[in-house]
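In UniProt numbering, the protein residues as written are 1 to 469.
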């Protein structure tokens, strides 16, 4: 933007107070032609002016600092007009952020400096390590998808020949879109058929997919359904090839993701937004809650922020913990389920006499103890199978007699077949069992009840005859 339109803007704003207007909406002198934006400039990149007015020591600078902080380190110029009536040529403080260098096609953020000369000079660049790594890993497949879809069906172009240019376009697109995504989400909130995201990973993944779709050529759009499996293989192969060749190193991708993450993390949940002088920053970094940590459990290579240490420790699959079923073994959390259902001595098993009626679930290490303690009931279950019509009380007496003549011989029977054989042998030595079935008991009770009812009816007849006489 030329200096003359900026000067006109400052003069116009000094005469009339304006709050929140676009530069292209200002009126210019009739002798001058209105400035036009280049066709290549995205509409989201148009400058925007926020006017802050107030009396002396009313907190104007404080309000400006809060606005700059909420804009999350986007390019901001603080125009100081302390005395508009006498100073028509206001000075501008240094911008809070310089234009990212082009380099090899990647926009790598520089150190962020505060607009106030006397204020803190550096921001803490630390972000949520786990989220940072997750988004970083999503960039390479997104680039591979755009390159493959852009060259599908091409004879003279390959994904590798366009990778550098598309990488530059991808970074520029993500930078611009993340700077305006939050504002767009507020404007479009509640609009039908518009899906907005809150999590930074979901937002950036959506934008990566959006960019990849925009790079599809005509042939890839037509053949997307027919070549879906082959397309996925080509994307995976090209992403793997770029990873091996170091086409886009992890450290450079992380530097880009840090900027994207800060742009969309308006609530400061996933990055540190504190500002420091150089010496203070060096003291803060080792204690920052977003500093990167590595898991100390053998075999685990997870990365996470210091404030997520407890969360990771509670779910780390490589952490050695005691057996959940209270046996004496210690093992990795990832091996716990297999241990508990296979070799754990406290694994619950059905009683060996489950088939004859014992429904107890017993730890495998306590099966013998259970058999010894519940032998009386196991004999009862076997007798119930032998004398199905006998009552439980009668069979309990039979069990006591078998115990008397058996001694310790039955304790060695560890399964149904063995115990049944021994019980039958001992039962044969006892007098025959007199079985009183339930049916006989019911008939007996009915027979006893009939004389009583007959006596009652006779009494009633005698009473009626006496009354008639």
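Every residue, glycine too, gets a C-beta built ideally from N, C-alpha and C.
**Prompt:** How many Å lie between residue 377 and residue 395 at the Cα?
**Reply:** 11 Å
**Asked** Which partner residues does residue 234 have in the DSSP bridge list?
**Response** Residue 234 pairs with nothing; no bridge assigned.
**Request:** Go ahead and pull the three-state DSSP assignment for residue 240.
**Result:** Helix.
**Request:** Go ahead and label residue 156 buried or exposed: buried means 16 or more other beta carbons lie within 10 angstroms of its beta carbon, across all protein chains shown.
**Result:** exposed
**Message:** With three or more beta-carbon pairs closer than 8 Å as the criterion, would you say the stretch 238-247 touches the stretch 139-152?
**Reply:** Yes, since at least three Cβ pairs between the stretch 238-247 and the stretch 139-152 fall closer than 8 Å, the two stretches touch.
**Message:** Whole angstroms are fine: how far does the CA of residue 402 sit from the CA of residue 392?
**Reply:** Cα to Cα, residue 392 sits roughly 15 Å from residue 402.
**Asked** What does a CB cutoff of less than 8 Å around residue 202 pick up in its chain, not counting 5 residues either side in sequence?
**Response** Hits under 8 Å: none found.
**Helix, strand or coil at residue 67 [DSSP, three-state]** = helix
**Item:** For residue 95, three-class secondary structure by DSSP
**Value:** Interpretation of residue 95 is limited by its pLDDT of 38, a score under 50 that renders its predicted location unreliable; the figure taken from the coordinates is listed afterwards. It is coil, neither helix nor strand.
**Request:** Mind the definition here: the stretch 162-176 touches the stretch 289-304 only if three or more C-beta pairs lie below 8 Å; say whether that holds.
**Result:** no
**Prompt:** Can the beta-carbon of residue 423 be found closer than 8 Å to that of residue 379?
**Reply:** yes
**Asked** Secondary structure at residue 326, three-state DSSP: helix, strand or coil?
**Response** coil
**Neighbour-count burial assignment, residue 149, 16 or more Cβ in a 10 Å radius** = buried
**Message:** Please confirm whether residue 159 has its beta-carbon closer than 8 Å to some beta-carbon of chain D.
**Reply:** Absent from the structure is chain D; it holds one protein chain and no more.
**Request:** Could you pull the start and end residues of the alpha helix (DSSP H) that residue 206 belongs to?
**Result:** 200-214
**Prompt:** By a C-beta neighbour count over all protein chains shown, 10 Å radius and 16 as the cutoff for buried, is residue 359 buried or exposed?
**Reply:** exposed
**Prompt:** In angstroms, rounded to a whole number, what distance separates the CA positions of residue 420 and residue 369?
**Reply:** Spanning the two alpha carbons is a distance of roughly 19 Å.
**Asked** So residue 200 packs on residue 131, CB below 8 Å; how close in whole Å?
**Response** Sure, about 6 Å apart at Cβ, within 8 Å.
**Request:** Starting from residue 431, follow the alpha helix (DSSP H) in both directions and report where the run begins and ends.
**Result:** First-last for residue 431: undefined, no H or E at that position.
**Request:** List the whole-angstrom C-beta distance separating residue 179 from residue 263, where the pair is believed to meet the contact cut-off of C-beta under 8 Å.
**Result:** 5 Å
**Request:** Return helix, strand or coil for residue 126, following the three-state DSSP convention.
**Result:** coil
**Item:** Selected residue, minimal CA-CA separation from residue 324, among 177, 400, 336
**Value:** For residue 324, the nearest C-alpha among the options comes from 336.
**Asked** Using the rule of at least 16 other Cβ atoms within 10 Å of the residue's Cβ for burial, across every protein chain shown, is residue 365 buried or exposed?
**Response** exposed
**Asked** Is the beta carbon of residue 258 sitting closer than 8 Å to the one on residue 127?
**Response** Contact: yes.
**Message:** Let's see if you can read the secondary structure: which residues bound the alpha helix (DSSP H) around residue 157?
**Reply:** Per DSSP, residue 157 belongs to no alpha helix (DSSP H) and is neither H nor E.
**Asked** Where do the N-terminal and C-terminal ends of the beta strand (DSSP E) with residue 362 fall, by residue?
**Response** 361-363
**Asked** Identify the residues that DSSP records as bridge partners of residue 294: which are they?
**Response** Beta-bridge pairing links residue 294 to 303.
**Request:** For residue 415, count neighbouring C-beta atoms within 10 Å of its own C-beta (all shown protein chains included) and say buried if the count is 16 or more, exposed if not.
**Result:** Exposed, since its Cβ has fewer than 16 Cβ neighbours within 10 Å.
**Request:** Would you grab the beta carbon distance between residue 314 and residue 129 for me? Rounded to a whole angstrom, and I think it's under 8 Å.
**Result:** So it is not a contact: roughly 17 Å between Cβ atoms.
**Asked** Taking all protein chains shown into account, do 16 or more other C-beta atoms lie within 10 angstroms of the C-beta of residue 428, making it buried, or fewer, making it exposed?
**Response** exposed
**Message:** What does the alpha-carbon distance come out to for the pair residue 60 and residue 249?
**Reply:** 44 Å
**Request:** Determine the direct distance from the alpha carbon of residue 221 to that of residue 208, and round the result to whole angstroms.
**Result:** 17 Å
**Message:** Checking 8 Å against the spacing of the C-beta atoms, do residue 166 and residue 215 come in under that value?
**Reply:** yes
**Prompt:** Should residue 265 be labelled buried (16 or more other beta-carbon atoms within 10 Å of its own) or exposed?
**Reply:** buried
**Message:** Rounded to whole angstroms, what is the Cα-Cα separation between residue 154 and residue 173?
**Reply:** 24 Å
**Message:** Going by DSSP, what residue range makes up the alpha helix (DSSP H) through residue 350?
**Reply:** Segment 348-350 is the beta strand (DSSP E) holding residue 350; no alpha helix (DSSP H) there.
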